[in-house]
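Comments concern the structure below.
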Amino acid sequence: MGIIYVAMGGTAGALARYGLSLWFGSKWNHSFPLGTFVINITGSFLLGLLNVFVLERTVLSPGWRLGLGVGFLGAYTTFSTFTYEAMVLLEEGSYLTALGYVGLSAVLGLLAAYLGMYLARAL
294 MGIIYVAMGG
304 TAGALARYGL
314 SLWFGSKWNH
324 SFPLGTFVIN
334 ITGSFLLGLL
344 NVFVLERTVL
354 SPGWRLGLGV
364 GFLGAYTTFS
374 TFTYEAMVLL
384 EEGSYLTALG
394 YVGLSAVLGL
404 LAAYLGMYLA
414 RAL
């Protein structure tokens with residue numbers, strides 16, 4: 294049964310990521326991959342929020358936990374796209390942009406996860 298929760302969550306997460314990527318692509322015309330950046334930061338925030346609610350506040354069934362954490366957020370965030378975009382920036386010689394992208398993603402991702410956890414505990 295867990296596979297169904299993961300599949301449903303994964304479908305929703307992939308569609309959310311794809312839709313946001315299209316939207317950012319239509320609004321942002323620079324070498325910095327803003328769509329993937331925002332998706333990964335918001336995914337980190339949501340994972341921090343979810344973990345506190347699931348582990349400390351509410352009781353969700355194992356299926357829902359799989360569907361939201363592994364399925365939705367696993368499909369919504371994208372390490373492979375992040376890595377590919379960083380490599381493209383490096384191959385194009387955009388070393389500072391690549392460094393900024395990787396560094397900001399790591400630092401802001403951690404801060405976003407912390408903020409999500411903090412906010413969930415404050416509610």
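Be aware that the sequence shown starts at 294, since it is given in my numbering, and climbs by one per residue. A virtual CB, placed ideally from N, CA and C, is assigned to each residue, including glycine.
Item to check | Inter-residue CB distance, GLU378 and THR329 (contact presumed, cutoff 8 angstroms) | outcome: 6 angstroms
Next on the checklist: Taking 8 angstroms as the threshold (C-beta atoms), are GLY364 and MET474 in contact?
Outcome noted: Outside the displayed range of the chain (294 to 416) lies residue 474, so it cannot be described from this structure.
Checklist entry - So ALA391 packs on LEU403, CB below 8 angstroms; how close in whole Å? => result About 19 angstroms; that fails the 8 angstroms criterion.
Checklist entry - Going straight from the alpha carbon of LEU397 to that of ASN333, what length do you get? => result 11 angstroms
Item to check | Cα-Cα separation between LEU327 and PHE317, rounded to whole angstroms | outcome: 7 angstroms
Next on the checklist: Nearest by alpha-carbon distance to ALA307: which of ARG414, TYR369, LEU416 is it?
Outcome noted: TYR369
Checklist entry - Among the residues of its own chain, which have a CB less than 7 angstroms from the CB of TYR407, if the five just before and after it don't count? => result GLY341
Checklist entry - Leaving out five residues before and five after PHE240 in sequence, what residues of the same chain have Cβ atoms less than 8 angstroms from its Cβ? => result Residue 240 falls outside the range modelled here, since the chain spans only 294 to 416, and no answer is possible.
Checklist entry - What is the rounded straight-line gap between the Cα of ARG358 and the Cα of SER319? => result 33 angstroms
Next on the checklist: Using CA atoms only, rank isn't needed, just tell me which of LEU389, PHE372, VAL400 is closest to ARG310.
Outcome noted: PHE372
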